[in-house]
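In case it helps, the numbering used here puts the sequence shown at residues 2 to 145.
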Amino acid sequence: LMNYPSKGRYMAHLASQFSEKVLLFTCNQQQAEEQADHTYHSKNKDSQANLAKFNTGEIQRLACVAQLSEGINIPNLRVGIIWHAFGNERKAAQRIGRLLRLNPNETATVHLLMYQNTIDEHWVAHALAAFDPTKVSYVDAYLS
């Protein structure tokens with residue numbers, strides 16, 4: 002499920018809908034490279050420079066694997082897209098947490114991609130269990 006190409010196509014489509022900064026969490030370096038011109042991962046020598054440019058708004062899209070899941074604050078980040086929830090609540094919560102560092106009157110949007118009627122549903126439910134259910138909505142999107 003984490004390597005199905007339709008998730009990648011949908012992630013790219015979603016990211017293209019925003020004019021503001023979008024952080025893309027992918028499952029591996031290849032996916033990160035396919036999703037954005039600027040990436041942050043262990044094999045990219047430009048990772049730190051890309052993060053600095055993303056922080057200042059010089060670039061609007063940054064794809065990463067796991068390195069930005071925790072311990073990093075990204076100013077003015079309001080949109081994130083997560084390719085896969087995994088079965089790890091903490092990992093998903095950390096990724097979602099990248100977007101919850103706004104002022105109380107600001108709103109962030111996290112798109113957590115999943116396939117219906119698969120284990121994805123279970124993983125997403127666990128990932129979102131600690132969050133206010135009134136602030137969670139589901140969108141049924143056609144993935145071809």
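Here a beta-carbon is modelled for each residue, glycine too, at the ideal position from N, C-alpha and C. Note that the structure is predicted; figures quoted are calculated from it, not measured.
Membership of V80 in the beta strand (DSSP E) is indicated by the continuous run 80-83.
The three-state reading of DSSP puts H112 in strand, counting E and B together. A64 is positioned such that its CB atom lies closer than 8 angstroms to that of L25. Going by beta carbons, A93 and A128 fall inside the 8 angstroms limit. Contact check for T40 against N56 fails: the beta carbons are separated by 8 angstroms or more. The residues F26, R96, L113, in chain order, have a CB closer than 6 angstroms to that of I83 in the same chain once the five nearest residues on each side in sequence are set aside.
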